[in-house]
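Residue numbers (the working numbering), protein chains in the order written: chain A, 438 to 808; chain B, 132 to 815.
The beta carbon of each residue, even a glycine, is placed where N, CA and C say it ideally should be.
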Amino acid sequence: MTQIMKRLQYLEFPECSIQALEYLVLTHSSQPGTVIPGFGGHEEEISIEISQNYILFQNRKGKLSAVQELNLLEMLCHSLQTAPEGSRYTIFKVIFGGKPEECKTLLLTSLVSMALSTSCGAVLDCAALWMQEHDCYSKPVCDLSRTLVEDYCILFSDVNPAFQRLPSVSPLFTCNLITAVTTIYPFRDKKTIPPASLLEYLTEWISDDYCLCSESVRLVRIQAHFSCPFPGLVNWCVLGPLVLQCENSNEISVSENTSIVTLSKLHLSVLQSLQAYRSMELSQELFLMSTMLVVAQTLLGHQKQKHPTDKDLIHSAIDRLGQVIQVALETGSLKVERGRSELRKINKLLPHNRLLSMVSRKYAAEPMDVS
Amino acid sequence: MASAVVMDNVSDEEWLVMRSRACIKSDPFAAKAWMITARTLFPGNFTIQFESYTLEKVGKNIKEAAKLLEEMFQAFPQETKLWAEVQCILEVLQTDSADNKNSFLTEIFAAVSTHVQCQMLLCVAEKIIDKLEQCRLMLLAMRKFPNLVSEHGLKLIESLLNAERHAQVQSPVNCYRKILVCDVLPLVLQRCKHVEVSTKHVCKWLLKSVEFYVSYVTQPPSQDATPMSPDILSPTKKSLKRAVSIAGLQDKDKQIHDPWGSLFTLMSLLGQHLKWDMEIDFFSKSRDYQWQYILSLYNRSSQPGADNHLKQILYVATILFLECLYSYVSNVDSDMFATGGVASLPAPLVLIETFKLEVDQETEQPVAKKSRSEMTIPDVHAAPCVPRGQEVVQNFLTALKCYELLHSSQDLQREFINLGQNWRMVTWTWMSLFQTDMYMYQGAFQEAVANLQNYVMGSKGRLQIRSAIQLACCFFCLGNYSKACELVLDVMSTLPENGASVDTTEPKKESLTREGSGRQLLLTMCSESEILPYCIQLLLSCFKEKAYTKMDDEALGNLIVLLQFNWPKQEAVFTEVVQKIQNQGTFTYNLFFNYVINILFVISHNILEEFSFLKFQEVNLDILPISTKVLSQQRTMTRGVNKGVKQDFKQMMAKQVGRCEESVEKLIREFLNEEREGLLKILH
Chain A
438 MTQIMKRLQY
448 LEFPECSIQA
458 LEYLVLTHSS
468 QPGTVIPGFG
478 GHEEEISIEI
488 SQNYILFQNR
498 KGKLSAVQEL
508 NLLEMLCHSL
518 QTAPEGSRYT
528 IFKVIFGGKP
538 EECKTLLLTS
548 LVSMALSTSC
558 GAVLDCAALW
568 MQEHDCYSKP
578 VCDLSRTLVE
588 DYCILFSDVN
598 PAFQRLPSVS
608 PLFTCNLITA
618 VTTIYPFRDK
628 KTIPPASLLE
638 YLTEWISDDY
648 CLCSESVRLV
658 RIQAHFSCPF
668 PGLVNWCVLG
678 PLVLQCENSN
688 EISVSENTSI
698 VTLSKLHLSV
708 LQSLQAYRSM
718 ELSQELFLMS
728 TMLVVAQTLL
738 GHQKQKHPTD
748 KDLIHSAIDR
758 LGQVIQVALE
768 TGSLKVERGR
778 SELRKINKLL
788 PHNRLLSMVS
798 RKYAAEPMDV
808 S
Chain B
132 MASAVVMDNV
142 SDEEWLVMRS
152 RACIKSDPFA
162 AKAWMITART
172 LFPGNFTIQF
182 ESYTLEKVGK
192 NIKEAAKLLE
202 EMFQAFPQET
212 KLWAEVQCIL
222 EVLQTDSADN
232 KNSFLTEIFA
242 AVSTHVQCQM
252 LLCVAEKIID
262 KLEQCRLMLL
272 AMRKFPNLVS
282 EHGLKLIESL
292 LNAERHAQVQ
302 SPVNCYRKIL
312 VCDVLPLVLQ
322 RCKHVEVSTK
332 HVCKWLLKSV
342 EFYVSYVTQP
352 PSQDATPMSP
362 DILSPTKKSL
372 KRAVSIAGLQ
382 DKDKQIHDPW
392 GSLFTLMSLL
402 GQHLKWDMEI
412 DFFSKSRDYQ
422 WQYILSLYNR
432 SSQPGADNHL
442 KQILYVATIL
452 FLECLYSYVS
462 NVDSDMFATG
472 GVASLPAPLV
482 LIETFKLEVD
492 QETEQPVAKK
502 SRSEMTIPDV
512 HAAPCVPRGQ
522 EVVQNFLTAL
532 KCYELLHSSQ
542 DLQREFINLG
552 QNWRMVTWTW
562 MSLFQTDMYM
572 YQGAFQEAVA
582 NLQNYVMGSK
592 GRLQIRSAIQ
602 LACCFFCLGN
612 YSKACELVLD
622 VMSTLPENGA
632 SVDTTEPKKE
642 SLTREGSGRQ
652 LLLTMCSESE
662 ILPYCIQLLL
672 SCFKEKAYTK
682 MDDEALGNLI
692 VLLQFNWPKQ
702 EAVFTEVVQK
712 IQNQGTFTYN
722 LFFNYVINIL
732 FVISHNILEE
742 FSFLKFQEVN
752 LDILPISTKV
762 LSQQRTMTRG
772 VNKGVKQDFK
782 QMMAKQVGRC
792 EESVEKLIRE
802 FLNEEREGLL
812 KILH
């Protein structure tokens with residue numbers, strides 16, 4: 438047993454946690470070359486063990502009280518904030534990495550929620566990387582995001598300034614959060630409508646910064662795996678109005694009408710974000726034509742449920758889909774080589790639409806002529 | 132989608148634009164989304180690009196509008212619609228209007244990248260056919276991008292000079308010259324410390340600048356209060372609409388604040404380029420200092436082997452001359468120029484020769500006097516009624532000295548005449564005021580008369596009296612008393628009665644006469660109160676001259692009548708007159724009781740008393756309305772004729788005493804009016 442383990446054994450909370458965190462920061466802050474050879478080697482395991490015992494308290498008999506947990510969260514925030522920038526995520530990973538166990542995700546959720554309210558960028562940046570590593574569509578990330586939405590959009594209807602300025606605190610976290618919430622609330626039907634305030638926040642964020650949605654892609658050179666919010670946002674923009682004006686199309690509530698206007702703004706912001714993406718010259722494909730096909734199919738499903746007089750509604754949804762496909766193809770966020778057949782399929786599937794035909798003609802010309 | 136059906140026969144591009152336009156009002160976001168899509172579908176389509184720009188413009192999205200404008204500018208350099216827009220923006224840029232819509236366009240321009248801004252200005256300037264507009268834009272471009280000055284500055288100067296020549300405008304006060312002199316030259320000279328042009332060129336610029344500013348400040352006031360409008364309007368702008376849109380711009384442009392100051396600044400800049408050793412604030416120094424500077428420069432350069440400062444002397448002296456002249460003339464006649472910075476005076480100022488107190492017995496020939504007076508340099512004084520009189524006199528004298536200096540050597544004179552020809556100085560009618568005064572100063576009354584006679588014909592209103600007075604003064608000095616009197620009598624008949632003599636206080640009269648032998652010129656105001664005493668003094672001097680030299684009783688009598696004016700100021704003269712009558716032992720003047728009323732008991736000597744005394748002294752006075760000679764002839768048969776005459780005299784005297792309350796001015800006017808013929812006859 439190492440010295441540190443021995444010492445920690447005799448300490449009570451919060452002293453043990455303080456020392457544990459100090460140890461973690463110290464161990465992981467040292468420059469790679471400064472470690473004395475032969476002296477260490479086991480730091481990783483020791484660190485994890487310390488974290489499990491004195492931060493996550495996996496083996497503790499009684500749970501920490503609410504006040505104690507708050508104290509612990511503050512310590513964590515502080516430690517990460519004061520740790521050197523380059524080693525923050527390493528420390529974070531020691532604590533929250535590995536298998537997503539319940540004790541970890543619970544503490545992490547509380548930590549992120551707190552960091553969000555205190556605009557603690559260091560923690561949010563780490564959480565953003567964690568989300569990216571786990572994939573924003575994954576359950577732990579979605580669970581975390583759902584809690585945040587509940588905390589910030591559902592429980593309190595008032596505008597939360599901390600939440601509002603999230604993009605300026607951690608753009609990457611915001612970007613990944615958007616991806617996650619569009620996964621939780623795909624806006625495909627009545628059951629998956631996002632909270633109206635969430636829609637407002639998102640639209641404000643994106644329209645204020647067209648590069649926000651490409652934040653996750655920016656990391657592509659160091660992190661090959663990424664998820665971006667565009668596919669989910671397309672769902673929202675194309676299907677959102679249809680879903681909102683579903684069944685009770687004759688009477689739309691004021692808030693629904695506001696949401697419809699907001700969706701139009703969001704749609705424009707998505708197109709502008711795609712344009713901004715091109716100027717970033719990352720040349721990564723952001724989404725696939727097959728995703729668009731799925732959207733088209735869902736759209737078709739709605740059309741079947743709808744009254745024939747809602748033709749305009751359907752067409753403006755197809756217009757938006759067409760616009761997104763066109764701009765995405767033009768900006769390289771969609772690669773036509775891989776989606777020509779899907780594009781043709783979409784065009785065939787949906788009722789005739791002049792814009793969609795134009796796009797089709799432009800990108801899927803030769804095969805169309807053959808058929 | 133009823134509309135979609137109708138739109139079937141329009142092109143895809145047009146259809147997209149129509150879709151966007153259809154939802155501008157209901158959903159501006161959608162309208163923009165349509166335009167973004169359209170732009171990616173047809174990136175080479177100008178209509179779509181322009182529509183997108185318009186949409187952003189309407190939405191007041193400065194950044195996006197600027198970006199689109201920039202893109203269009205680079206992708207569609209041939210589109211006329213784009214040029215119209217860019218031109219419109221640049222026009223707004225030149226007006227600095229506070230108009231909301233307009234200032235927005237300026238903001239768009241400001242948001243465009245500097246490089247493209249510069250290109251836009253240059254390209255548009257190149258394309259514009261209207262020379263004036265082109266020059267304005269180039270100026271704007273150089274103002275915004277000072278590094279353009281070195282490349283385009285000289286070209287712009289050249290093209291403005293050319294444009295002015297081609298436009299064949301008569302007046303130097305025209306739009307091209309204004310831009311050249313007020314805007315371009317200062318900018319170019321300030322920016323480029325080393326302009327690579329010959330001295331000849333720089334002198335030409337200076338020449339043009341001086342001509343512009345002098346012509347600008349000496350414009351006569353006009354009825355419509357827009358003195359420059361006919362000239363400054365670009366002759367190439369024929370269409371009404373253009374003229375109107377330019378008019379607003381010009382109202383602002385027409386104003387030149389502190390024209391002389393601007394000229395001096397420009398002169399300093401040009402001087403620096405010509406390596407003239409001159410203080411920057413030279414023109415704000417005292418007249419004395421300025422004159423001394425020129426003089427020392429002149430003296431230095433006339434030394435053998437010294438640098439020839441001919442051009443510098445020429446220009447500095449000329450500009451100083453013109454400025455002094457301008458400020459003198461604008462003080463003399465505050466209505467002369469439209470740009471009169473001087474507070475309007477009730478009457479013009481006039482420069483006149485003062486009178487000697489005592490008649491110089493030795494000088495019989497007035498002509499001889501003239502030749503002598505030429506030799507002496509007269510003193511010039513300003514009457515107390517002249518505001519800032521000393522300054523006005525100073526300006527006059529400095530102008531005079533400069534003028535004389537400019538004619539002091541052959542080289543200078545030749546150069547100055549060249550300048551004059553270049554500027555067509557002969558057409559500067561305002562200079563003739565100075566010319567007359569200069570001749571008078573020099574004692575060259577003959578020349579002054581010639582100049583005045585030319586001028587009197589053309590002068591109107593207030594200046595007419597001024598010219599007449601000066602002319603009278605000159606004739607007097609030339610010894611032509613009848614002419615002088617005739618003029619003075621004419622002037623007096625135009626002066627309103629009782630207008631002046633009421634407040635004719637004594638100190639003013641003092642300055643009309645002088646003691647000592649030197650000549651004295653007086654600068655006074657051409658108002659009734661100042662002029663009437665002068666007129667009377669002039670008449671008085673004429674009669675005095677006549678009465679003393681010719682022993683003419685009538686002249687002596689007239690003198691006595693006139694002496695009543697401002698009695699007892701001229702008591703000394705009166706004493707002389709009495710002395711003369713005593714010496715003669717006889718005096719015939721039958722108008723005496725008509726016009727001599729002045730009795731002031733308080734004053735020991737007064738005219739009537741004196742005459743009673745003379746009578747007492749048995750001087751043969753024939754001053755009754757009917758000559759005593761005639762009376763005595765009538766009464767030859769009767770005894771005691773003389774007794775009867777004496778009786779009449781006493782009665783008349785007593786009667787006159789009763790008239791002493793009458794207005795002397797009125798009486799004298801009456802006298803001059805009634806006896807005009809006789810008065811002039813005596814002086815012939």
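Each of A:E522, A:F593 and A:T699 was checked against the Cα of L681 of chain A, and the nearest Cα belongs to A:T699.
Of all alpha-carbon atoms in A:E538, A:M729, A:F529 and A:S484, the one lying nearest the alpha-carbon of D756 of chain A is that of A:M729. Rounded to the nearest angstrom, the Cβ distance from D408 of chain B to L594 of chain B is 42 angstroms, too far for a contact under 8 angstroms.
Taking 9 angstroms as the cut-off, the Cβ atoms of K532 of chain B and W391 of chain B do not count as close. Rounded to the nearest angstrom, the Cβ distance from T655 of chain B to C455 of chain B is 20 angstroms, too far for a contact under 8 angstroms. Taking 9 angstroms as the CB threshold, M795 of chain A lines the interface with chain B. In this structure the stretch 588-601 of chain A does not touch the stretch 649-656 of chain A; the number of beta carbon pairs closer than 8 angstroms is below three. Scanning A:S605, A:K628 and A:Q763 for the CA closest to the CA of G558 of chain A turns up A:S605. Distances from the alpha-carbon of T527 of chain A to those of A:N490, A:V504 and A:S484 put A:S484 closest. What E767 of chain A touches in chain B, judged by beta-carbon distance under 7 angstroms, is T171, going in chain order. Beta-bridge partners assigned by DSSP to H512 of chain B: B:L653. Boundaries for D143 of chain B: no beta strand (DSSP E) harbours it, while the alpha helix (DSSP H) harbouring it runs D143 to A153, taken from the DSSP string. The alpha-carbon separation between C674 of chain A and P668 of chain A amounts to approximately 10 angstroms. Nearest CB-CB separation between L147 of chain B and chain A: below the 9 angstroms threshold. Closest in alpha carbon position to M783 of chain B, among B:Q218, B:N721, B:N804 and B:L453, is B:N721. Residue burial is scored here from C-beta neighbours: H325 of chain B has fewer than 16 other C-beta atoms within 10 angstroms and is therefore classed as exposed.
For V764 of chain A, the chain B residues whose Cβ falls inside 7 angstroms of its Cβ are I167, T168 and T171, in order along the chain.
Across the stretch 772-792 of chain A, CB contacts with chain B closer than 8 angstroms involve R791 and L792, in sequence order along the chain.
Within chain B, the residues whose beta carbon sits less than 8 angstroms from that of H704 of chain A are F160, A161 and A164, listed in sequence order. Straight through space, the alpha carbons of M251 of chain B and T185 of chain B are spaced by roughly 18 angstroms. Across the structure, K194 of chain B and N613 of chain A are spaced so that their CA atoms are roughly 28 angstroms apart. Boundaries for N751 of chain B: no alpha helix (DSSP H) harbours it, while the beta strand (DSSP E) harbouring it runs N751 to D753, taken from the DSSP string.
CA-CA distance, I167 of chain B to Q709 of chain A, rounds to 8 angstroms. Contiguous alpha helix (DSSP H) elements confined to the stretch 572-608 of chain A occur at 576-586, 598-601 and 603-606, taking only those with 4 or more residues. Not a single CB atom of chain B sits nearer than 9 angstroms to the CB of D646 of chain A. Interface residue (Cβ-Cβ distance to chain B less than 9 angstroms): S701 of chain A is classified as such. Sequence-distant Cβ neighbours of K188 of chain B in its own chain, meaning closer than 6 angstroms and more than five residues away, are A196. F718 of chain B is bridged by DSSP to B:L752. Contact between the stretch 528-544 of chain B and the stretch 672-688 of chain B is not established, with fewer than three Cβ pairs separated by less than 8 angstroms.
In this chain, the alpha helix (DSSP H) harbouring L463 of chain A covers E452 to S466. Interface criterion met: the Cβ of K799 of chain A is under 9 angstroms from a Cβ in chain B.
Leaving aside the five residues that flank I813 of chain B on each side, the residues in its chain whose CB is nearer than 8 angstroms to its CB run, in chain order, F674, K677, D683, E685, A686 and N689. Classified as buried, L200 of chain B has 16 or more neighbouring CB atoms from the shown chains inside 10 Å of its CB.
Against chain B, a Cβ distance below 8 angstroms from L592 of chain A picks out nothing, because the smallest value is about 30 angstroms.
Closest by C-alpha distance to F527 of chain B, out of B:Q552, B:D568 and B:M556, is B:D568. Residue pairing from DSSP places I483 of chain B in a beta bridge opposite B:L653.
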